[in-house]
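Asks:
Residue numbers (full-length UniProt numbering): 1 to 282.
1) The alpha helix (DSSP H) with residue 201 in it runs from where to where?
2) Could you tell me whether the Cβ atoms of residue 146 and residue 187 are closer together than 8 angstroms?
3) Is the CB-CB distance between residue 159 and residue 84 below 8 angstroms?
4) Could you give the first and the last residue of the continuous alpha helix (DSSP H) run that contains residue 158?
5) Which of the three DSSP states, helix, strand or coil, is assigned to residue 82?
6) Is the beta carbon of residue 155 closer than 8 angstroms to that of residue 86?
7) Any chance the region 73-81 sits against the region 89-100, with 3 or more Cβ pairs inside 8 angstroms?
8) Any contact between the region 230-242 and the region 194-205? By contact I mean 3 or more CB pairs, one from each, below 8 angstroms.
9) Within the region 208-264, note down every full alpha helix (DSSP H) run reaching 4 residues or more, in order along the chain.
10) Have a look at residue 152 and residue 254 and give me their C-alpha separation to the nearest angstrom.
11) Counting only the same chain and skipping the five closest in sequence on each side, list residues whose C-beta sits under 7 angstroms from that of residue 218.
12) Within 10 angstroms of its Cβ, does residue 172 collect 16 or more other Cβ (buried), or is it exposed?
13) Using a Cβ-Cβ cutoff of less than 6 angstroms, which residues in the same chain neighbour residue 104 once the five nearest sequence positions on both sides are dropped?
14) Helix, strand or coil for residue 171 per DSSP?
15) In chain order, what residues of the same chain have a beta carbon less than 6 angstroms from the beta carbon of residue 250, not counting five sequence neighbours either side?
16) Using a Cβ-Cβ cut-off of 7 angstroms (strictly less than) and excluding sequence neighbours within five positions of residue 183, which residues of its own chain qualify?
17) Pick helix, strand or coil for residue 296, following the three-state DSSP scheme.
18) In angstroms with no decimal places, state the Cα-to-Cα distance between residue 179 and residue 190.
19) Would you call the CB atoms of residue 141 and residue 130 closer than 8 angstroms?
20) Could you check which residue in 123, 115 and 69 has the C-alpha nearest to that of residue 143?
21) In whole angstroms, give me the CA-to-CA distance for residue 111 and residue 246.
22) By a C-beta neighbour count over all protein chains shown, 10 Å radius and 16 as the cutoff for buried, is residue 96 buried or exposed?
23) Give the straight-line distance between the Cα atoms of residue 252 and residue 196, rounded to the nearest whole angstrom.
24) So, with DSSP's three-state summary, where would you put residue 124?
25) State the start and end residues of the unbroken alpha helix (DSSP H) segment that holds residue 135.
26) For residue 165 and residue 185, I'd like the C-alpha separation in whole angstroms.
27) Using a 10 Å radius around the Cβ and a threshold of 16 neighbouring Cβ atoms, would you call residue 176 buried or exposed?
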């Protein structure tokens with residue numbers, strides 16, 4: 001049972017990583033070898049700014065291998081576009097964003113069509129035309145547009161910020177995520193929005209209730225940013241937010257804070273005395 005539990009945790013972690021890598025790209029996932037705020041020379045050589053020569057159709061899917069030579073040459077030329085020296089994807093920046101977005105659009109479209117077809121099969125005897133309507137329904141493209149535009153905008157913003165600032169920084173992920181988040185207008189699902197919001201609130205207020213494997217994944221994904229929150233300030237709401245890190249207190253600049261750690265504990269002790277006195281009087 002213990003071995004099964006460990007295998008299940010590792011499988012969950014690997015599957016989540018694969019899913020995130022498929023959506024945002026494995027080249028954009030955090031890495032232990034990734035150093036932020038490292039400036040690079042302003043002049044980038046042609047060899048560094050172009051995609052590697054092996055970015056050819058020979059490494060593509062089997063379907064592309066059956067295309068005519070002229071089409072293959074155009075695809076190779078398209079993929080060997082300009083790429084920043086800090087980008088870790090194989091192809092040019094524009095080709096990487098567009099192809100990833102197109103691939104996710106097809107996946108989203110097929111998923112939506114499959115769901116509608118399964119629903120139509122239940123009523124196929126009463127309404128045979130429902131199968132055709134399920135395939136050509138205008139709402140089928142909404143999920144594909146959401147996934148495709150989200151992935152394309154996220155990767156394109158990452159690359160664009162690298163070209164503009166000539167360095168890599170965690171702030172790029174914040175800006176890219178904000179821009180890509182507007183793609184949800186294509187697929188307005190209150191269920192997805194509420195689920196995402198509830199998971200974010202859970203990670204902030206009650207990290208001790210999250211599965212350890214998923215919590216470690218979140219820490220790796222955010223470069224330990226979730227762990228460096230001052231959750232002692234949230235304990236007043238009764239959520240026991242600081243359970244995982246009871247002794248952690250960030251190093252604030254005393255010139256920019258109103259309440260220091262010493263003052264916080266003094267106020268907390270004073271509030272306890274006031275509550276005790278109030279209960280004693282009652």
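C-beta: ideal position from N, C-alpha, C; glycine also. Computed from a predicted structure; not experimentally measured.
Replies: Answer, in terms of the structure:
1) Unbroken alpha helix (DSSP H) run through residue 201: 190-205.
2) Annotated as proximal: residue 146 and residue 187, with beta-carbon spacing under 8 angstroms.
3) Yes, the Cβ-Cβ distance between residue 159 and residue 84 is below 8 angstroms.
4) Segment 140-165, the alpha helix (DSSP H) holding residue 158.
5) Strand.
6) Result no, Cβ atoms of residue 86 and residue 155 do not sit closer than 8 angstroms.
7) These segments touch.
8) Touching, per the Cβ criterion.
9) If we require 4 residues or more, the alpha helix (DSSP H) runs fully inside the region 208-264 come out as 212-221.
10) It is roughly 42 angstroms from the alpha-carbon of residue 152 to the alpha-carbon of residue 254.
11) Closer than 7 angstroms at the Cβ level, and outside the excluded window around residue 218, lie 203 and 226.
12) Result: buried.
13) Here the set comprises 147, 148 and 151.
14) Note: residue 171 maps to helix in three-state DSSP.
15) 230, listed in sequence order.
16) Hits under 7 angstroms: 146, 149, 150 and 153.
17) The chain is shown from 1 up to 282; residue 296 falls before or after that span and cannot be answered.
18) Residue 179 and residue 190 have their C-alpha atoms some 19 angstroms from each other.
19) It is not a contact, given that the beta carbons lie outside the stated cut-off.
20) Minimum Cα distance to residue 143 is reached at 115.
21) CA-CA distance, residue 111 to residue 246, rounds to 45 angstroms.
22) Under this definition residue 96 is a buried residue.
23) Residue 252 and residue 196: Cα-Cα distance of roughly 30 angstroms.
24) Note: residue 124 maps to coil in three-state DSSP.
25) Note, residue 135: alpha helix (DSSP H), 130-135.
26) The alpha-carbon of residue 165 is positioned some 29 angstroms away from that of residue 185.
27) Classification for residue 176: buried.
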